[in-house]
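Numbering (the working numbering), first residue to last: 783 to 895.
The beta-carbon is built from N, C-alpha and C at its ideal position, and this holds for glycine as well.
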Amino acid sequence: MANGVSNGTGTNGIYRFRATDEQRSRAHLGSLDEFWRLHRKSLEDPDAFWGEAAAPFYWKTPVPEKNVLNYNIDVDKGKIFIEWLKGASTNICYNALDRNVQNGHGEQIAYYW
Numbered sequence: 783m784a785n786g787v788s789n790g791t792g793t794n795g796i797y798r799f800r801a802t803d804e805q806r807s808r809a810h811l812g813s814l815d816e817f818w819r820l821h822r823k824s825l826e827d828p829d830a831f832w833g834e835a836a837a838p839f840y841w842k843t844p845v846p847e848k849n850v851l852n853y854n855i856d857v858d859k860g861k862i863f864i865e866w867l868k869g870a871s872t873n874i875c876y877n878a879l880d881r882n883v884q885n886g887h888g889e890q891i892a893y894y895w
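This is how it looks when you write it as structure tokens:
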């Protein structure tokens with residue numbers, strides 16, 4: 783058992799570790815199927831996907847409802863560009879720290895470096 787991990791198995795230098803029940807209970811995604819469902823949604827309906835991802839955060843200027851993600855990565859189709867949440871603005875310090883203090887979590891660790 784190294785560093786508290788005893789469930790790793792591996793071959794050819796590639797190791798897989800099974801999450802514990804406790805880790806799974808706290809995970810943002812409950813399964814690989816859920817990951818693939820979200821991945822598919824991000825490709826098929828990026829406005830809904832990114833709108834839902836952005837919803838829990840404070841936005842000084844709101845996230846657009848349409849055209850959340852625009853891009854061209856094909857030089858034959860014109861200038862290369864990527865626009866994501868264009869026009870929206872936020873305050874990362876407020877989202878990461880201030881609102882957590884306001885919600886009574888000021889005594890908890892906010893960030894590990």
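Check	Outcome
Would you say Val845 and Pro828 are within 8 Å of each other, going by their C-beta atoms?	no
Which residue's Cα is closest to the Cα of Asn852: Cys875, Phe863, Ala809?	Phe863
Is the separation between the beta-carbon of Ala870 and that of Leu879 shorter than 8 Å?	no
By the three-class DSSP mapping on this structure, what secondary structure does Gly786 have?	Residue placement at Gly786 is flagged as unreliable, the pLDDT there being 48, under the threshold of 50; the coordinate-derived value follows with that caveat. Gly786: coil per DSSP, three-state reduction.
Within 10 angstroms of its Cβ, does Leu867 collect 16 or more other Cβ (buried), or is it exposed?	buried
Looking at C-alpha atoms only, which residue of Arg806, Glu889, Ile874 is the closest neighbour of Phe839?	Ile874
Can you give me the Cβ contacts of Lys823 inside the same chain, cut-off strictly under 8 Å, excluding the 5 residues immediately before and after it?	Ala830, Phe831
Look up Thr793 in the DSSP assignment and give the residues it is bridged to.	Ile796
Less than 8 Å separating the beta-carbons of Lys772 and Asn854?	Residue coverage of the chain in this structure runs from 783 to 895, which leaves residue 772 outside it and unanswerable.
Identify the residues that DSSP records as bridge partners of Asn873: which are they?	None, per the DSSP bridge assignment.
What are the boundary residues of the alpha helix (DSSP H) that Phe817 is part of?	814-826
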